[in-house]
Structures are given as structure tokens and as C-alpha cells.
Amino acid sequence: MLRSLQASVRNKNWLAVVLCFLPVIIYILVFQSIALNVNYVAFDDILILGIIPGFEDASWHERWTRLTELFPEHRLVFSRSVILLIHRLAGRVDLVWLMSIANICWIGCIYIFYRAFKGLRLSVWYFLPVVWLWFSIQSYENMFWGVSSLCNFGVIMFVLGSIYVAIYLPEKQYIALLLAVLATFTYGNGLMVFPVIGLVQLLTGKKRAFVLNIIIAGVTAGIYFINFVPITQNLNFSNPVQVKEGFLGLFGFLGSIATIKAYGIPREILYFASGVGMLLVVIVAMLYWKEIARLWQALWGTPSYTNKPALFAFCIVLFVGITALALTYKRIPTDTYDGMFKGRYRMYSVLLCIAIYYAFLSLSKHQLRSTLAPLILAVTVVLNLLILHGNFGEAVNNRRAAVAQEFNARYNADWLGLKMFSMNQKHFEDIRSYYKSDDPLAEGWMPRSASLPSQITCNAPYTVEKPIMVGDHVTVNATIPGFKASKNFTDGVYIILKSPSHVYVSPPNQPSVPIKTTLRRGMYYSDHIFASFHKETVAPGVYQVLLLVRRDGRNELFCTGQIWTEN
């Protein structure tokens, strides 16, 4: 009965197409609901937008120097070029436009995946797991990070495009090399695609293209590393702690999709993800075990390797592996083991899973494929929804944190957040004038006023607890039963510290409830929020604790009767 049902469903390709579009629609809805024209939690957008002032009046040499300026160890020519083009055409640079272009790059990747999938000559049903994996929001930081969205999503598109052209369009190797150059000057690890497509050229007998690859890769690397100054320490192999963290972090990077959430993960779950990464490597070895002899023979030209989908998957595995090794070597001393699970890195774990799936489709027998296909599809759908539940709230929290950060930068000239990025308030405002963000938390009152606004009342609708010091942070807890954002996700309950000379705001860090609670009670957000101010960012003084309730795009300010003294 089950087999007959499967056979009946497989014949309904229209249903498969509908199910392909469903995760895309969810992804777009998430993007539309959260994307906001505001600098992200770090000041990367502000720093890169600094390319605009004076660029038009600069000489060609100065322009090239500014386009290729290291940030921090990457030459972000693609991102800066997009910014300059948009500014020239529109006179401003809305950060949502940058995010949109980046996410179009992400969608472009699925087109490349589909073109490669067509070579398998399988039912579109087999493509469904790819779509459900790719359009999970596991990499939500990259979805909403303006300039960094362009870097991280752009490099993946150019790398996949380069690999695809090298394999499936062998007569157009020059396009593959051009895309490799673009990948390099989009993000640093794009340079690693040159050896990958070089291997393709050897395996497919394109020796002239291989020689050209070496020349172009050498020139590109030479340009990339001119005046290159590393700013991070490398992994110290004589340090056993770093070696251990590097080993576990390498596999954790590969298996990070298993943590579901990007942050706030228990240590045992991180170790589990490292185990999953090891398992993925074992699966790759098992899938390609019988291909080793063919690959070795093809490497020496007798005969060329002809299984294009398997080669496509193998190249993606190589690129992800090289990226993982390079990141481990460069980041472990600074970020340690936990840093290998950052939200912006997690797309590589998904990329590895998709590569393994392509290898499975191209190297396994038909009976095994048809038997496991329903299970694989079910797992990817469930995984997509679990990732959506686990990360949506954190993505919203980050948006609110970005709004709060801009507020603090605008109304506190001595704010530490500005000093940490070596900028003053005037420079921040000058750059902000190019993207013209709103100032939602200042609407309806005067944050710079030494006194409280006359319309403030003390009948706060929510309970605010006394501020306490937790580690290095001034923390304020509150309970907000029944509050829901109605207009957009700048709506929220914010905590403000106000003195005659300073005013600071913290976003409502609002965790999501466990998925069991969501399924049982139909709720997503907890009724509890907490505000957090690092003590180094709060100037000495006596502060009144205020409550700012933003609902339906309107602000209401309440006093709470609470006081905080910062010495």
C-alpha cells in the first residue's frame, strides 16, 4: 500500500513543483517581515559604506586602492562596487536593497543546483530536499546583514557558478575562471575555487585550461596579497588546547546544521554537531570509495572522468573542506571552539549536506535511492521547520538590537560602541546620511533633553524588575504578557536608562518558547524579556529606568520608579 501511494505521488510532478516553491515562499516572507534599513549589530555596514565619500573625485589608482582595501583580511570589491552603483543610480543606498541583492544571489545558487540536477535525469521529487535545505534560515545573519550579506552569499554563488561551468560547459573555461576571480574579490575564501576547478580541468582532460588556470590564479593571488597584513593569529600547533579545539571545531563547522539554533547552544549539543561533522566526512568517504580508482586514472588522462553530477558534488565537498581548514587555522586562536558555530558560517554545513545528497543521487543504485528518498525528504522538511522555529526569534532580536545600537550611537557622542570601531558620532551621521535610516525609538519625544518628557506617565502596563548586575552587564527583567508586534518588528518593549546627559536603550531580548510549547499552546514568544547594558558602555551617573512601548509604529514612554547608579 505504501509503495502504491509513493508511486501515485511520484507521478504528480505539479505537486512536487508546488512543494519546491513552499520553502522559497516561507523564506521570502521571513525576509520581508524582518529586513530593515538599519546598520547591523556590528558597524561593518558603516565602515564599508565609507567607500562613497570622495570616490567620484579620486584618481583611478586611488579608486582601485579604495575598492581593494582590506576588510579585515578580505578585498570586498564586489560589495563596494554594488554600493557605488546603487548610490550612483539612486542617490542613496538603502541597506534592504543590499540585502535583497544578496538574497537574489542565494536564489541564484538554487538555479545552479537545478541545472546540475537536470544532468541526473531524475524526477523533480528528488530535487525537493535541496530546496528545503537551501531555503532554511540557518544563515539568518547573512540574510539581514547588508554589506556582509553581499560578501557571504555572493561568494557562494560565484563559486558554484565557476564549478558548474568548469564541469558542465567545458568549452567555456574562461567563464569559470572569470567567476573564480569574482569569487576571490567577493570574499577571501573565493580564491580557493581555483585549485578546485583546476582539479576539474585535470580530471576532464582540459590541460590548456589548467595551465591558464595556474596563470590567472597566480596573478589573482599576487594582486590579492599585495600589502596584505594579517590581523589574526594562526593556530599554534604546539598548543594542545588550540589543537584540540581546532580538531573539534573543524568538524563542528562541517556539522553545525545539527545544532538547529545558531546561538545559546549547550556545550553537549556543540559536541554532538562535531560528531555529525565526522559522520558527514565518513559518508563522503563511503560514497566515493569506489570512485577513487576512476578519479586517479582520470587525473592522469586515461580516460577522463565522465560522471558530472558526482564531480560537481565532489568539488563542492573540496571547497567546503578547504574553507573549513582555512577558517580553523585562522580563527581558533581568536574565536575558540564556540566561534566555529557562528550564524554566518552555517551555510557551509548546508552546502556540504547538499553536496553529499548529489553524490548519493549520482553514485548509489536506483533501488536505494527510491527507498531512501521519502525519508530524506521528510528529514529535510522537518529540519527546515525546526531551524525556522529555533532562529526566527533570534533574527528578530538582532533587528531590534540594530535599531537600539543606532539610537545609542546617535544620542551619546561618547558611546563606547563608536570608539570600538574608531569612529566619532559625526562620521557615523555622515555615513548614515547615505542610507537614511529611520529613527523609530526617538519618535514622539526628545532623547537629548536633560529632563523627562511632560507626557510621561508611571502607569506602566508591564512589570519591570529592579536592575541588577549580572557579570559585566546591567540587566533589567520584565514581563510582557500578551504583547505582539503589529506593524513590524521594530515594535517591542524597550528598556531605557536616562540621565540628564546620557540616554541608552536596550532591545527586548525575548526568547522563543520550546517547540513543544508552540505545538501545544500555539505561542512562539516567551512573556519574559530582559534588557542588557554592558557596564563599559554606560557613563557614570544616576539613571532612571524607563519603559518604551512601541506598538503599531507608535511610542509610549513610561517611568518605572526604578533607579540605577553607575559609578
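Per this note's numbering, the sequence shown runs over residues 1311 to 1877.
All C-beta atoms, glycine included, are put in the ideal place defined by N, C-alpha and C.
Inter-residue Cα distance where the pair is residue i and residue j
i: N1787; j: P1821; result: 12 Å
i: T1735; j: W1374; result: Looking at the sequence itself, residue 1735 is Gln, so the reference to Thr does not match. Looking at the two C-alpha atoms, the distance is approximately 28 Å.
i: K1517; j: I1526; result: 14 Å
i: Y1835; j: E1451; result: 20 Å
i: Q1607; j: A1486; result: 24 Å
i: V1586; j: G1418; result: 28 Å
i: R1402; j: S1747; result: 11 Å
i: L1399; j: L1380; result: 26 Å
i: E1876; j: Y1497; result: 42 Å
i: A1665; j: P1810; result: 58 Å
i: F1793; j: L1807; result: 22 Å
i: V1627; j: A1669; result: 10 Å
i: R1830; j: P1576; result: 24 Å
i: L1678; j: L1671; result: 9 Å
i: F1427; j: P1439; result: 12 Å
i: A1770; j: I1805; result: 12 Å
i: H1372; j: Y1721; result: The amino acid occupying residue 1372 in the given sequence is Glu; His does not appear at that position. If I take the Cα positions, the gap works out to 34 Å.
i: V1780; j: K1845; result: 10 Å
i: Y1421; j: Y1639; result: 32 Å
i: L1513; j: V1441; result: 29 Å
i: A1620; j: L1673; result: 7 Å
Residue i burial status per 10 Å Cβ neighbour count (16 or more: buried)
i: G1456; result: buried
i: G1471; result: buried
i: D1354; result: buried
i: R1385; result: buried
i: N1349; result: buried
i: H1812; result: buried
i: G1556; result: buried
i: G1727; result: buried
i: L1315; result: The predicted position of L1315 is uncertain, since its pLDDT is 49 and thus under 50; a value taken from the coordinates is nonetheless stated next. When all chains shown are included, L1315 counts as exposed.
i: L1312; result: In this prediction, L1312 has a pLDDT of 47, which is less than 50 and means its spatial position is unreliable; nothing more can be read from the coordinates.
i: Q1715; result: buried
i: Y1853; result: buried
i: W1599; result: exposed
i: N1544; result: exposed
i: N1323; result: exposed
Own chain residues within Cβ distance below 6 Å of residue i, not counting five before or after
i: P1791; result: D1837
i: F1717; result: L1751, V1815
i: A1711; result: V1351, P1817
i: G1464; result: F1388, C1415, T1496
i: N1546; result: Q1552
i: G1611; result: G1515
i: N1707; result: N1819
Closest residue to residue i among the options (Cα-Cα distance)
i: S1680; options: V1469, E1366, L1858, S1433; result: S1433
i: S1358; options: V1340, F1388, P1333; result: According to the sequence provided, residue 1358 is Ile. The question's Ser does not apply to it. Minimum Cα distance to I1358 is reached at F1388.
i: A1841; options: A1368, V1784, L1628; result: V1784
i: P1593; options: G1863, R1390, R1402, C1663; result: In the sequence as displayed, the identity of residue 1593 is Ile instead of Pro. The shortest Cα separation from I1593 among G1863, R1390, R1402, C1663 belongs to C1663.
i: L1605; options: V1848, L1501, C1625, L1590; result: C1625
i: R1431; options: W1324, L1685, K1618; result: K1618
i: F1651; options: S1674, M1756, I1335, L1580; result: L1580
i: A1878; options: P1480, L1479, I1507, E1481; result: No answer is possible for residue 1878: it lies beyond the span of the chain, which begins at 1311 and ends at 1877.
i: I1466; options: A1412, Y1424, L1590; result: A1412
i: S1743; options: V1440, G1754, D1404; result: D1404
i: L1560; options: L1590, Y1804, I1602, K1826; result: L1590
i: Y1534; options: L1513, T1569, T1494; result: T1494
i: I1839; options: C1330, L1479, V1406, G1802; result: G1802
i: M1588; options: G1631, K1571, E1601, H1737; result: G1631
i: A1568; options: E1866, P1613, L1693; result: L1693
i: F1843; options: W1599, T1827, W1874; result: W1874
i: N1819; options: P1757, K1729, V1713; result: V1713
i: V1469; options: A1326, A1572, F1423, W1435; result: F1423
i: M1828; options: G1871, P1757, I1778, L1695; result: The identity of residue 1828 in the sequence shown is Thr, whereas the question assumes Met. Cα-wise, what sits closest to T1828 is L1695.
Neighbourhood of residue i by C-beta distance below 7 Å, restricted to the same chain and skipping five residues each side
i: T1767; result: F1868
i: F1731; result: F1353, L1357
i: I1642; result: L1545, Q1552, E1555, G1556, G1559
Cβ-based neighbour list, residue i, same chain, cut-off 8 Å, excluding 5 preceding and 5 following
i: I1447; result: Y1337, V1340, M1453, I1697, L1698, N1701, F1702, A1705
i: S1343; result: N1798, F1799
i: L1394; result: I1361, I1362, F1365
i: Q1511; result: A1476, Q1483, K1517, A1519, F1520, N1523
i: A1636; result: N1499, M1502
i: R1654; result: S1449, E1451, N1452, W1455, S1458, N1462
i: A1760; result: P1810, S1811
i: T1847; result: N1718, W1725, L1726, G1727, Y1814
i: C1330; result: V1434, F1437, L1438, V1441
task: Count the C-beta pairs between the region 1845-1862 and the region 1766-1785 that are closer than 8 Å, then say yes if the count reaches three, no if not.
output: yes
query: Taking one C-beta from the region 1640-1659 and one from the region 1560-1575 each time, how about it: are there three or more such pairs within less than 8 Å?
result: yes
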